[in-house]
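Working notes, structure below.
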Amino acid sequence: MRVLGIVGSFRKFGNTEILVRETLLGAKSQGAEVSILRLTDYTIKPCTGCMRCVFKGSKCHIEDGAEKIFSMMVDHDALVIGVPDYILGASGILKMLSDRSMGYMYSKGTRELAGKPAVGIVTFGVKGWEGLSRPMLSIFLLSLGYRVIDIVMANAQGPGEIVFNEDILTRCYENGVRIVRGDREYRGEPGICPVCHNNIVEIVDLKVRCPVCEIEGCMVVEDGRLKVKFNNPENNRWTEENIKKHYEVNVIPSGDRFLSLREEIKERVKKYREL
Ligand SMILES: Cc1cc2nc3c(=O)[nH]c(=O)nc-3n(C[C@H](O)[C@H](O)[C@H](O)COP(=O)(O)O)c2cc1C
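Mapping to the working numbering: the sequence shown position 140 is 125, numbers consecutive.
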């Protein structure tokens, strides 16, 4: 089995890299072949929004490191990815990569990464300042179809301080072992959403909604505690069927619609060009 580690922090041998490496050590102990890359060693340019990857099913036309990273993800059987929390979100380089992932999320029906196991790691400095970092990492993994077996939230501030947290180190090492042994069950904190296990919900028209997984439910009081009961969580945004439907219903028809409106849009946009 080949396991790839991806580090989303610029700090070499900082907290994120240490935990990715600890997970890889666990995988290696079970005979896996492991590799590691730092996102900051690659140039990742912004997505140009051309949609060629979706409409034509072609690889991205931008020549930079993103395609190399995705092809390494395809070449490996499992992924360990760590990102630090920057300003209440995952570090921007993850979002840059995520924006470039459309062709791997769904391109002419291809889902090259779907079903591969993955472990996520988020390092953060101050309890209560995690913000949207965990959901952002979940979205990256779930959109590509990875089967997430854990997302570890690791609290450490100064570079390398995580080495003193034996519990987190053990959990990461064990995740590496589990990935290779074929344990595909999610084993992290349950969270509120039963699909992504994040704790963020939206309240829309008196319904509770997970913005990551697009499932709805309502609040109930059980044993004196407020809980969320989701209806039909199996029918979430990330099922292979729903991803396919999303592309077929929402995305693919937008191409012909745009082409039919293109001349009129050009005409209406003229006044903005003349500004
Ligand atoms: C620019 C910047 C922004 C940060 N923002 C947050 C934050 O919003 N919340 C938080 O808990 N920690 C924040 N931190 C702390 C890092 O998440 C923390 O130090 C982490 O362990 C860094 O991992 P590393 O050593 O792998 O780079 C920030 C650090 C930097 C450099």
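Just so you know, even glycine gets a beta-carbon here, dropped at the ideal spot from N, CA and C.
Do you know offhand how far V236's Cα is from N227's?
-> Position 251 of the sequence shown holds residue 236. Position 242 of the sequence shown holds residue 227. Approximately 12 Å, taken between the alpha carbons.
Are three or more beta carbon pairs between the segment 170 to 180 and the segment 140 to 147 nearer than 8 Å?
-> no
Quiz: which residues have CB nearer than 5 Å to ligand 1 non-hydrogen atoms = S(-6), R(-4), G(-1), N0, T1, P69, D70, Y71, I72, L73, T108, F109, G110, V111, W114, A141, Q142 and P144
Is V107 near I136, with beta carbons less than 8 Å apart?
-> Indexing the sequence shown from 1 puts residue 107 at position 122. Indexing the sequence shown from 1 puts residue 136 at position 151. Cβ atoms of V107 and I136: closer than 8 Å.
Using a threshold of 8 Å, state whether the C-beta atoms of A99 and L126 are closer than that.
-> For this step, residue 99 is matched to residue 114 along the sequence shown. For this step, residue 126 is matched to residue 141 along the sequence shown. Their beta carbons are not under 8 Å apart, which means A99 does not touch L126 by this criterion.
Going by Cα to Cα distance, which pick from Y232, L(-11), C198 and I185 is closest to L117?
-> For the purposes of this step, residue 117 is identified with residue 132 of the sequence shown, where counting begins at 1. Of the listed residues, the one whose Cα sits closest to L117 is I185.
How many Å lie between E97 and G16 at the Cα?
-> Residue 97 sits at position 112 when you count from the first residue of the sequence shown. Residue 16 sits at position 31 when you count from the first residue of the sequence shown. Using only the alpha carbons, I get a separation of about 24 Å.
Using the C-alpha atoms, what's the distance from E207 back to C35?
-> Locating residue 35 in the sequence shown gives position 50, counting from the first residue. Locating residue 207 in the sequence shown gives position 222, counting from the first residue. Near 49 Å, if we compare the C-alpha coordinates of E207 and C35.
Smallest Cα separation from V111: which of R210, G74, G50 and S123?
-> Against the sequence shown, residue 111 aligns to sequence position 126. Ranking R210, G74, G50 and S123 by Cα distance to V111 puts G74 first.
Give a yes or no on whether the minimum CB-CB distance between Y171 and chain D is below 8 Å.
-> Protein chain content of the structure displayed is limited to a single chain, and chain D is not contained in it.
Alpha-carbon spacing of K214 relative to R156, whole angstroms = Here residue 214 refers to the residue found at position 229 of the sequence shown. Here residue 156 refers to the residue found at position 171 of the sequence shown. One C-alpha to the other measures close to 29 Å.
Which of helix, strand or coil does DSSP assign to T25?
-> Position 40 of the sequence shown, counted from the first residue, corresponds to residue 25. DSSP places T25 in helix when its eight states are reduced to three.
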